[in-house]
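Report on one structure; see the data block that follows.
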Amino acid sequence: MESLEALVRLSPAGHPIAIRAAGRDFIAAGRPDVWMDRRRWWAGTAASRLGAAALERERWSVPSVDEQGNTVVIELEHDRSANRWSLLPPDA
Amino acid sequence: MLPFTHLHTASYYTPHYGTRSPEELVDAAAAHGAVAAAITDHSGLYGAIRHIRACIQAGIHPIVGAELQLTAADPLGERGSVTVLAHGNVAGAGWAGLCRVISAAHSPRTRRGSPAVDADRLPGFLRADGVPTSTVLLGADSDVGRAVVSGDLALATQQLEGWRRRLPGGVVVEVVWHLTRPGSARSLQHAARMLELADQVQVPAVLTNETRYGVADDAIAGDVLDSADQLVPLESMTAQPNAQPWLKPPGKMRAIARAIVDASSLPSRAAEELLRSTEELAERCWLDPEGDLRWRMPKVPEKEVLGLAADDDPGQVLWGKCIAGISQQFYTASSSTLTRVHDRLRDEMATIQHLGFETYFLTVSSVVDRIRQMGVRAQARGSGASSLVVYLLGISVVDPLELDLVMERFLSTRRSSLPDIDVDVESARQHDCYRMIVREFGADRATLLAMQTRYRARRAIRDAGLALGLDKELIDWVAKSTWRLDADQVMGVLAERPEMRELARATRADARLRLLFDLTERLADLPRNLSTHPCGVLLGPADLMSVTPVQPSGMGLLMSQFDKDDIDDVGLLKLDVLSVRMQSTIAHALSEIRRVHGPGAAAAGGLPPDAGYVRPDGTIHLEQVPHDDPATYAGIQSTHTLGMFQIESPGQRELVGKLQPRAFEDLTADIALFRPGPVKGNMVAPFVGRRLGDESVTYLHERFRPFMRDSLGVMIYHEHLLRIIADCMGISLGEADEIRRSMSPETLPALETRFRAAARSRIEGGRRLFTDAQIETIWRDVAAFGSYGFCKAHAASFAETSYSTGQVPGGGVVVPSCSGRVRR
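Chains as they are written, first to last, in our numbering: chain W, 47 to 138; chain G, 27 to 850.
Right under this line is the structure:
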């Protein structure tokens, strides 16, 4: 399952508080986790000069409720350079 | 912005781990507005002196510590590690404890595998008079940190209380958030629980970033280093979780503190308390280079080790030895020569006493005496031979008055670091000399010296290729194609060199090769291995082990973790005991002559029966052989000099063939001419032409005639450079030597301005001493010569050995010529 682009509203502290993805809306309902995961920069045929962006990706795990009031954990990836958010499959 | 001090920072002196030099890390910290910077390499202080020097230059406080592994109660169990930071302004007690605990971790008596120390031994090193002299940081990899991450808070509490009992007032909890996955080591949860634990047990907590990189991008080099360390390709390796352990600016560290506290059960003010306690510990660990390390202050063996009584004055003893030396070396000298000798000796002694270096000279003299007592040939080289005191003590066989050598090239009141006296010994006996020095001075006063080997292209390509999982054949081909290059040169020269055309073509076609060279450049110049310096020996007082950490060398003797370039700042006495094969060859030949010919040696060699340098038992004293033997020079002029010291290379054979040396000064000049400075300055041809009478002798300036007569007006030696600079700029020889040492392509433009201005302002009798045209010519030669020449003292020392060597015609066996006549 591939990632989907997400629209994310942030709190003043920079935490996601509202998420829209795949036509659904979610409201943050708990403290999110944020971490950085390694990228396998050495894999494939990377030819250009490497940079810090190639090294790691910013991950968020946000306890949320959907429109029906169901509790779900939303997994997001944030590309800071493009300020782009993506919704990830739960096991990503 | 309030400053933040990073207390846990590994430099590239943690091999296969760190990626930045101490200087780069200090500069980055200073740019962030830090008032202090710490270095905490693994199991050593390899970069500590450079770190302190960089802090002094940056105007911030140095903090020094080390990350140490702990031995496990269970030999197969996890060992864990802690970081130890030395306290400052405690008269060196923190530094001394740190040195000793590191040495203990490396001790062959207690060590199994990699360096480690038993936690219960730490108080013996890290406390003095019941007071902590260092602080132990219990971080993510400590037993406490591991218990917390495993969720066993009861065990963590028990372990932290144990540490507090073990080192009351000397432990803190180190809180780190590397933005790792939730629940893993260095995650937000881990950091928050560590902070809560510290609060619960009432142990202070500090915030660090457990720094390994200067910037996040360095993690690429870090991955390759990890791969090289584990000998596993990146694809098969568990890579580091992310690239977060970099030297983050204060704003980010404050945000990290707030996030950790937010994730904990503590009130929000705990973030400020965490940052404050971090700065409080930092301040406690600010080292005072003068007070804690006696920075640059000489630390030499005590008088009693040199055989002196407690009330003996080293200056008087040194003076007495020199006077005795005069009667040995100048027993046939004229009264005018003796007057010059005494005048020079008084001048040199005044400088030595001004600097307080009497014991240094006595120590070196004692070492050389003891080497000779072992029956090992020893011969000083380098600028030390400029000194009359060195000559009179018998350390050097070169008479500085005869050769008009300049003491200031070796030592002056402007050069306050301990000088270098290098001693050549027989290569076959070098290790015997090491062992004798350690035995005679004591293992607590003498060590060998370490040396870092660094990544160059070939090794970097092999390690990066392994990391990328490239074919062995491909790695071999690329490594062999680039073996002469520095690791950061490869891409630059691919397009330039015809012999690399095939590799350049392959690189354009293969993205893997471009990635390989990118990685190779990232490894350039990083230290990769510690080895024993090929000749350095450190001597110090009985507390030497409180000044430097030591670890076993390959030959079993202990070696200091410091680099040779650190020694001036540490203030220790470094003696270079160089292994010279020719000295072994000479020793063997002399021994064979005595064994075969015995009392008939002189006759067998066709020497005069009354030759004073041949003892009745056939022992030949080469250093007493006169320098005027035509047969020796004829042998050299023939260019059949294979096997002769310093003059056997094809280039040198060509030069001696052209120069046709016929006096000792010629041999000295020949050796000095074969250097980049004189060659670049186009000084070889003029000297040869003048020596053969094909070219008239001229001087850059008539004022230079007295001191350039020995080279017929051609600038050959450092001594010429010194005297020209001193005369043109109206400064002392000591100041001129400072300028010589500072000469480099980068400094030349500023020096040129200074030189020209000073020379133009030199007035005598109302007239300028140097015209603009003369200044132009003189500066051209000065700049061309630079600092790439030999000092005459060094060239003369080598010439002494060259003169003493010869070749048996047709035999291929090297024996000393002894005026070209003692042959087998």
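Even glycine gets a Cβ: it sits at the ideal position worked out from N, Cα and C. As the structure is a prediction and not an experimental result, all values here were calculated from the model.
Buried or exposed (CB count within 10 angstroms, at least 16 for buried), residue i
i: F30 of chain G; result: buried
i: V13 of chain G; result: Lying outside 27 to 850, the shown extent of chain G, residue 13 of chain G is not represented and no answer is given.
i: L133 of chain W; result: buried
i: N129 of chain W; result: exposed
i: L50 of chain W; result: exposed
i: P524 of chain G; result: exposed
i: P324 of chain G; result: buried
i: G837 of chain G; result: Caution applies to G837 of chain G, whose pLDDT of 29 falls short of 50 and renders its modelled position unreliable; the value that the coordinates give is listed next. Exposed.
i: N235 of chain G; result: buried
i: D167 of chain G; result: buried
i: P732 of chain G; result: exposed
i: K506 of chain G; result: exposed
i: D654 of chain G; result: exposed
i: A93 of chain W; result: Its pLDDT being 47, under 50, A93 of chain W is placed unreliably in this model, and the coordinates cannot settle the point.
i: S843 of chain G; result: Here S843 of chain G scores only 45 on pLDDT, less than 50, and its place in the model is too uncertain to base an answer on.
i: M27 of chain G; result: exposed
i: D339 of chain G; result: exposed
i: V129 of chain G; result: First, the amino acid is wrong: residue 129 of chain G is Ser here, not Val. Looking at its Cβ environment, which holds 16 or more other Cβ atoms inside 10 Å, S129 of chain G is buried.
i: D249 of chain G; result: buried
i: S586 of chain G; result: buried
i: W509 of chain G; result: exposed
Proximal chain B residues relative to residue i, where beta-carbon distance stays under 8 Å
i: D79 of chain W; result: Among the protein chains in the structure shown, which are W and G, there is no chain B.
Chain-ordered neighbours of residue i on chain W, where CB pairs are closer than 8 Å
i: A530 of chain G; result: Correct list: empty, because the minimum Cβ distance to chain W is about 15 Å.
i: L205 of chain G; result: V80, W81, M82
i: I804 of chain G; result: The contacting residues do not exist; I804 of chain G stays about 48 Å from chain W at best.
i: I742 of chain G; result: Within 8 Å Cβ-Cβ: nothing; I742 of chain G doesn't reach chain W, min ~48 Å.
Which listed residue (the options) has its alpha carbon closest to that of residue i
i: P642 of chain G; options: G:R620, G:A657, G:A660; result: G:R620
i: D314 of chain G; options: G:D654, G:V90, G:A628, G:D569; result: G:V90
i: M517 of chain G; options: G:R538, G:L496, G:I501, G:T546; result: G:T546
i: V157 of chain G; options: G:A513, G:E299, G:V175, G:H113; result: G:H113
i: N268 of chain G; options: W:S132, W:D83, W:W87, W:W88; result: W:D83
i: L716 of chain G; options: G:H457, G:S770, G:G644, G:S737; result: Checking the sequence, you will find Arg at residue 716 of chain G rather than Leu. Comparing Cα positions, the closest option is G:S737.
i: L257 of chain G; options: G:G346, G:A493, G:R310; result: G:A493
i: F436 of chain G; options: G:E761, G:A64, G:Q478, G:F700; result: G:E761
i: P316 of chain G; options: G:V573, G:I421, G:A627; result: Note on residue identity: the sequence assigns Glu, not Pro, to residue 316 of chain G. Of the listed residues, the one whose Cα sits closest to E316 of chain G is G:V573.
i: S107 of chain G; options: G:V464, G:L96, G:V116; result: G:L96
i: D243 of chain G; options: G:R548, G:T533, G:A84; result: G:R548
i: L511 of chain G; options: G:D551, G:G495, G:A537, G:I804; result: G:D551
i: L542 of chain G; options: G:I757, G:P560, G:L584, G:D497; result: G:D497
i: R153 of chain G; options: G:A62, G:G196, G:R372, G:L179; result: G:G196
i: S453 of chain G; options: G:R484, G:P560, G:A822; result: G:P560
Under 9 Å from the C-beta of residue i: neighbouring residues of chain W
i: L494 of chain G; result: W88
i: L260 of chain G; result: R86, W87, W88, A89
i: A218 of chain G; result: Those within 9 Å of A218 of chain G in chain W number zero; the least Cβ separation is about 11 Å.
Interface residues of chain G facing residue i [CB-CB closer than 9 Å]
i: S107 of chain W; result: P208
The ligand NAD heavy atom lying under 7 Å from the CB of residue i
i: G188 of chain G; result: In terms of ligand content, the structure shown is empty, and the ligand NAD therefore cannot be addressed.
Proximal residues of chain W, C-beta to C-beta of residue i below 7 Å
i: Q270 of chain G; result: M82
i: A245 of chain G; result: L101
i: A142 of chain G; result: Those within 7 Å of A142 of chain G in chain W number zero; the least Cβ separation is about 29 Å.
i: A265 of chain G; result: R84
Beta-bridge pairing of residue i - partner residues as DSSP gives them
i: F72 of chain W; result: W:I65, W:D112
i: D79 of chain W; result: W:S107
i: Q405 of chain G; result: G:D450
i: G6 of chain G; result: The structure shown does not extend to residue 6 of chain G, since chain G is modelled only from 27 to 850, so the question has no answer here.
i: Q577 of chain G; result: G:M585
i: T66 of chain G; result: G:G91
Contact list for residue i against chain G, beta-carbon separation under 8 Å
i: L134 of chain W; result: Neighbours of L134 of chain W on chain G: none; closest Cβ ~14 Å, over 8 Å.
Partner residues on chain G for residue i, Cβ-Cβ distance less than 7 Å
i: E102 of chain W; result: N268, A269
Any alpha helix (DSSP H) of 4 or more consecutive residues that is wholly inside the segment 579-665 of chain G
593-596, 607-623, 627-630, 656-663
Ignoring anything shorter than 3 residues, give me the beta strand (DSSP E) runs that lie fully in the segment 86-152 of chain G, in order along the chain.
87-95, 107-112
Where in the segment 184-208 of chain G do unbroken runs of the beta strand (DSSP E), each at least 3 residues long, occur, reported from the N-terminal end onward?
197-201
Would you list, in sequence order, the uninterrupted beta strand (DSSP E) runs of no fewer than 3 residues that lie entirely inside the segment 444-495 of chain G?
447-452, 472-480
Can you check the segment 345-408 of chain G for any alpha helix (DSSP H) of at least 4 residues that lies completely inside it and give the ranges in chain order?
361-381, 384-399
Write down every uninterrupted run of the alpha helix (DSSP H) in the segment 254-333 of chain G whose length is 4 residues or greater and which is fully enclosed by it, in chain order.
276-288, 295-310, 315-319
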